[in-house]
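A.B. asks: I have a structure I would like to understand better, so I am pasting it below and will then ask my questions one at a time.
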Amino acid sequence: MNVSSSKVNVAGHASPFYQSDKRHVCVCPSCSYSVRHQSMLSLLFFWGFILPICWLINLGLFIYAQYCLKHKVQFSSVAEDEFPTAYELNVYRSKMVVANTGLAVLNNDIKHQNTDRNSAESISLPELEPASTHCDSSISDLNSPSTFRTSLANHCPNIIRICDSSDLIDPVSNDMSASSIDLYHSSRLDFLTNMSTDVIDFHHSMRKKYHTWAGRTLLSLAGFLVILLIGIVGVGRNSSSSNFLAPEWRSSSK
């Protein structure tokens, strides 16, 4: 893998792979059609209270999108530059090692310096504050790995020894140890796993949305039919009672 292309890849993205907010979607015909027409669900539903035929159109849209079209989950193709690169993994792993061990190492150094204050290599407490300050500023400067490691080597040698002993990928020579290769392949597998989870969740959420609006449409249509039936029955009874009373009213008027 070319290191220069890896650096360009990192610079070209808005955020690194472990902070990416990109979500993959299902590309089956049903989901593709549903995404384009999902705004019509609520529109036809509310228009149905004025024109009930809109409810029938809404149900037809639901049946066509969710059952007539192919609705099996389909995954989109993944470009090679979407996978985490070796350089990104190197930077990410360096950050994790320093974040998890930096505080513990600094505390151990302080205890060790306090106990060996009278020895030749001891460091007094007033001289310890700039070192910890520089170390904190180095830890916060995670966007520049070379400056970060150089500063740590000068002020916090224990941390840099731990980082060097973790079999990290060398960003210059691009040599990958066995553990680094395992990390690289596992990261690609995790990427595909997260992608499949996003696609399946999107597919189910889209179908659930259409089923929810279809259920609301059915309930509204059923309520409209019940009200219409009650109105027809009421009108029929009023007309029959008026016809029954009409002869008596005519005879009494005579």
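Counting from 1, one number per residue, gives the positions in the sequence shown under the UniProt record's numbering.
Beta carbons are placed, not taken as given, at the ideal position from N, Cα and C, and that holds for glycine.
#1: Do S34 and K209 have their C-beta atoms closer together than 9 Å?
#2: What is the DSSP secondary structure of C26, counted as helix, strand or coil?
#3: Would you please state the rounded distance, in angstroms, between the beta carbons of T217 and N58? I believe it to be under 8 Å.
#4: Consult DSSP for F83 and reduce its assignment to one of helix, strand or coil.
#5: Just how far apart, CA to CA, sit V25 and L189?
#6: Does the beta-carbon of V199 have 16 or more other beta-carbons within 10 angstroms, so that it is buried, or is it exposed?
#7: Under three-state DSSP, which class holds Q66?
#8: For the candidate residues F45, P29 and D182, whose alpha-carbon lies nearest to that of S224?
#9: Can you tell which of S30, L56 and D201 has its C-alpha closest to the C-alpha of S220?
#10: Rounded to whole angstroms, what is the Cα-Cα separation between C28 and L41?
#11: Leaving out five residues before and five after S30 in sequence, what residues of the same chain have Cβ atoms less than 7 Å from its Cβ?
#12: Ends of the alpha helix (DSSP H) at F46?
#13: Quick check: the Cα distance between S186 and I50, rounded to an integer number of angstroms?
#14: Rounded to the nearest angstrom, what separates L43 and V73 at their Cα positions?
#15: Counting C-beta neighbours from all protein chains within 10 Å, is the total for H203 16 or more, i.e. buried, or is it exposed?
#16: Once the 5 residues before and after W47 are set aside, which same chain residues still bring their CB inside 7 Å of it?
#17: So, is L61 buried or exposed, given that buried needs 16 or more other C-beta atoms within 10 angstroms?
#18: Count the other CB atoms within 10 Å of the CB of D79; is the residue buried (16 or more) or exposed (fewer)?
#19: Count the other CB atoms within 10 Å of the CB of A222; is the residue buried (16 or more) or exposed (fewer)?
C.D. replies: Result, derived from the coordinates:
#1: As a first step, residue 34 must be located in the sequence shown, where it is residue number 34. As a first step, residue 209 must be located in the sequence shown, where it is residue number 209. Yes, they are a contact pair.
#2: As a first step, residue 26 must be located in the sequence shown, where it is residue number 26. DSSP places C26 in coil when its eight states are reduced to three.
#3: For this step, residue 217 is matched to residue 217 along the sequence shown. For this step, residue 58 is matched to residue 58 along the sequence shown. That belief holds up - the Cβ atoms of T217 and N58 are roughly 5 Å apart, short of 8 Å.
#4: Along the sequence shown, read from residue 1 onward, the residue named residue 83 stands at position 83. Correct three-state label for F83: coil.
#5: Taking the first residue of the sequence shown as position 1, residue 25 is located at position 25. Taking the first residue of the sequence shown as position 1, residue 189 is located at position 189. If I take the Cα positions, the gap works out to 18 Å.
#6: One-based indexing of the sequence shown puts residue 199 at position 199. It counts as buried.
#7: As a first step, residue 66 must be located in the sequence shown, where it is residue number 66. Three-state result, Q66: helix.
#8: The sequence position of residue 224 within the sequence shown is 224, counting from 1. The amino acid occupying residue 224 in the given sequence is Phe; Ser does not appear at that position. It is F45 whose Cα lies nearest to the Cα of F224.
#9: Here residue 220 refers to the residue found at position 220 when the sequence shown is read from its first residue. The option with the nearest alpha carbon to S220 is L56.
#10: Against the sequence shown, residue 28 aligns to sequence position 28. Against the sequence shown, residue 41 aligns to sequence position 41. Straight-line Cα distance between these residues: approximately 19 Å.
#11: Sequence index remark: in the sequence shown, residue 30 carries index 30 (1-based). Correct list, in chain order: A65, Q66, L69, K70 and H71.
#12: Residue 46 sits at position 46 when you count from the first residue of the sequence shown. First-last of the alpha helix (DSSP H) with F46: S39 to W47.
#13: The residue labelled residue 186 in the question sits at position 186 within the sequence shown. The residue labelled residue 50 in the question sits at position 50 within the sequence shown. Whole-angstrom Cα-Cα distance: 57 Å.
#14: Residue mapping note: residue 43 aligns to position 43 of the sequence shown, counting from 1. Residue mapping note: residue 73 aligns to position 73 of the sequence shown, counting from 1. In a straight line, the C-alpha of L43 is about 27 Å away from that of V73.
#15: For this step, residue 203 is matched to residue 203 along the sequence shown. Buried.
#16: By one-based count along the sequence shown, residue 47 stands at place 47. Hits under 7 Å: C54.
#17: Here residue 61 is taken as the residue at index 61 of the sequence shown, counted from 1. Buried, because 16 or more other Cβ atoms sit within 10 Å of the Cβ of L61.
#18: The sequence position of residue 79 within the sequence shown is 79, counting from 1. Checking the sequence shown, residue 79 turns out to be Ala, not Asp. By the neighbour-count rule (16 or more Cβ atoms within 10 Å), A79 is not buried but exposed.
#19: The residue you call residue 222 lines up with position 222 of the sequence shown. Exposed: under 16 other Cβ atoms inside 10 Å.
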